[in-house]
Amino acid sequence: MIAFCCCCCVSFKTRIFFDSFESCFYVIVIHSFGILIGACVIFKQLFSRDVRVRSQVGFEPERRGSHPYLGVDFRTLHTRAESAGTIPARRIRRLFSFQRHLLSSRLLRGAPQLNPLHILDEDYCGQAKCMLERVGSWNFDIFLFDRLTNGNGLVFLTFNLLNQYGLIELFQLDMVKLRRFLVLVQEDYHNQNPYHNAVHAADVTQAMHCYLREPKLAESLTSFDILLGLLAAATHDLDHPGVNQPFLIKTNHYLAALYRNTSVLENHHWRSAVGLLRETELFSSLPAEDSLSIERQLGSLILATDISRQNEYLSRFRTHLDENDLCLGNASHRHFVLQMALKCADICNPCRPWELSKQWSEKVTEEFFHQGDIEKKHKLEISPLCDSEANTIASVQIGFMTYVVEPLFAEWARFSDTRLSQTMLGHLGLNKASWSAMEPEASGSSEEGESEPGRATEEPSSRVLSQGSQES
Ligand SMILES: [Zn+2]
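No gaps in the numbering here: position 13 of the sequence shown is 242 in this note's numbering, and each next residue is one more.
Written as structure tokens, this is what we have:
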């Protein structure tokens, strides 16, 4: 760089000796070209040095991000065959994306939608607004809401809730920064994932809102708690690759090494959320210590969604309930309740009405089986529940409901014995019965057919939990 500066200085000084502008122009062009060549040489040297240094410490640059023999690009992992479909189909998708971009741009600018070409969009927006009037309903159809908002369900829902709780005004959040943050959050979810996408995040946020309204929480939570709860729900699966932790570990993914094989995905979701908070400077109006506190507590909430730590949280919750010592005036107890609420929101699909619950079950199983197909293709050990030849949607769901969802929601109903809790348990029972009717063998002793005799009572639980983050 010093050489460049000297070179430029010399060229500037020598320029005064030229009489004609044309000559000067040629000198500048020649010097610019020289700088370009020089920059290329230096970059090449730096790159070579980087490669040498990395190879000396055992790194192979091409390995970043995936198994050296797989070369998996997680951005396209769940791209379906139809992505390479016919030209008209691609055009339609492109048009749809363009429309979505236009719509979100207009809304972000706050401009009125007067163009008659967008009457249909306005109509949809009107319906979406109607839906938001009952956003606290447990029957809220997030799939429909996402369609009505042209795939912007997470942005609209989260913004509406923050506004509804008065948090934008209270924390003096800059509207432009907030909307930018929410759009970036939504975009960082992978739409090609059948399950872990922005619609799941919106669904968890809506469920969180329902729990925040429960009397015990509504009476004790502070605005700060509510802000944290909603942000954690919206970002809890940010940049999810659509595969679980065991897959990342066995394919030597760099995230597994970065987080030492512990809560790999959850740590990544949290750090990604912090990255967006800092990039957008959403909390720049708050004192630095408050901003750091939000980041830290956001991490504690998101890390609690690691399903492999389910028993740890459930035991602690059960002990508190047995001893009746949860004091919601205590900030750490409130935080623990928020963690449990987020955990419930994350795996509440089986507690929704059948028509919604069934769709989620199909989507999560599709994601599992897709991972299993990749594992099969690359001759890796197939993860539990991911083998489409050994499992069905019904068998996966019955095991999940029996060993993970029912114990958690039974304790939640003890803590918050309300109509909502009873409704959720009611749906859970009915949905399990519906799956059982489709899978009589699995309903008897849940996956007995696959487990070794005598281990049927223990193994399904460990298998379901070892899935890493089945629905987190
Ligand atoms: Zn989740």
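All C-beta atoms, glycine included, are put in the ideal place defined by N, C-alpha and C. Quick caveat: nothing in here was measured; it's all calculated off a predicted structure.
On a Cα-Cα basis, can you pick out the residue from 531, 503, 535 and 603 that is closest to residue 520?
503
Rounded to the nearest angstrom, how far is the Cβ of residue 434 from that of residue 386, given a contact under 8 Å?
6 Å
So, residue 526 versus residue 564, is the Cβ gap smaller than 8 Å?
yes
With DSSP run on the structure shown, which of helix, strand or coil describes residue 513?
Three-state result, residue 513: coil.
Three-state secondary structure assigned by DSSP to residue 287
With a pLDDT of only 35 at residue 287, under the threshold of 50, the placement of this residue in the model should not be trusted, and no figure is reported.
Does the count of Cβ pairs from the region 466-485 and the region 416-426 closer than 8 Å reach three?
yes
So, do the region 596-607 and the region 641-656 have three or more beta carbon pairs nearer to each other than 8 Å?
Taking 8 Å as the limit for Cβ pairs, the verdict is that the region 641-656 does not touch the region 596-607.
Residue 363 to residue 478, Cα distance in whole Å?
Distance between the alpha carbons of residue 363 and residue 478: 42 Å.
When you compare the CB of residue 634 with every CB in chain C, is at least one pair closer than 8 Å?
Absence of chain C from the displayed structure is noted, only one protein chain being present.
Own chain, CB closer than 8 Å to residue 398, minus 5 neighbours either side, in chain order
Nothing listed; no residue qualifies.
Is it buried or exposed for residue 444, if we count other Cβ within 10 angstroms and need 16 for buried?
exposed
Proximal residues to residue 541 (C-beta, below 7 Å), its chain only, five neighbours per side dropped
none
Can you grab the Cα-Cα spacing for the pair residue 612 / residue 656, in whole Å?
29 Å
Considering only their Cβ atoms, is the gap separating residue 535 from residue 495 smaller than 8 Å?
yes
Quick one, are the C-beta atoms of residue 415 and residue 381 less than 8 Å apart?
Yes, the Cβ-Cβ distance between residue 415 and residue 381 is below 8 Å.
Report, in whole angstroms, the separation of the C-beta atoms of residue 476 and residue 600, which I expect to be a contact under 8 Å.
Confirmed, about 6 Å.
Can we count residue 417 as close to ligand 1, meaning its CB is less than 7 Å from some heavy atom?
Flag unset: Cβ of residue 417 not near ligand 1.
Does ligand 1 have even one heavy atom less than 7 Å from the beta-carbon of residue 434?
no
Looking at the secondary structure, which residues open and close the alpha helix (DSSP H) in which residue 475 lies?
474-479
At a threshold of 7 Å, does residue 548 count as lining ligand 1 (C-beta to nearest heavy atom)?
no
Assuming the contact rule is C-beta atoms closer than 8 Å, residue 518 and residue 506 should be a hit. Round their C-beta distance to whole Å, please.
The Cβ separation is near 15 Å, so there is no contact.
Just mark residue 630 as buried or exposed, buried being the case when its beta carbon has 16 or more other beta carbons within 10 Å.
So residue 630 counts as buried.
Burial state of residue 355 (16 or more Cβ within 10 Å)
Flag for residue 355 reads exposed.
Which residue wins for smallest C-alpha separation from residue 659, given the options 359, 587, 554 and 515?
587
For residue 664, which option in 370, 646, 641 and 622 has the closest C-alpha, if you only look at C-alpha atoms?
622
Would you mind working out which of 593, 642, 556 and 595 sits nearest residue 448, comparing C-alpha positions?
556
Suppose contacts are defined by Cβ-Cβ distances below 8 Å. Is residue 569 in contact with residue 641 by that definition?
yes
Return helix, strand or coil for residue 528, following the three-state DSSP convention.
helix
What separation, rounded to the nearest whole angstrom, lies between the Cα atoms of residue 537 and residue 647?
28 Å
What I want to know is whether the C-beta of residue 535 ends up closer than 7 Å to one or more non-hydrogen atoms of ligand 1.
no
With hydrogens ignored, establish whether the beta-carbon of residue 429 is closer than 7 Å to any heavy atom of ligand 1.
yes
On the three-state DSSP scale, how would you describe residue 608?
In the three-state DSSP reduction, residue 608 falls in the coil class, being neither helix nor strand.
Quick one: grab the DSSP three-state call for residue 738.
A query on residue 738 cannot be resolved here, the shown segment of the chain reaching from 230 to 701 and no further.
Excluding five sequence neighbours on each side, which residues of the same chain lie with their C-beta closer than 6 Å to the C-beta of residue 436?
574 and 577
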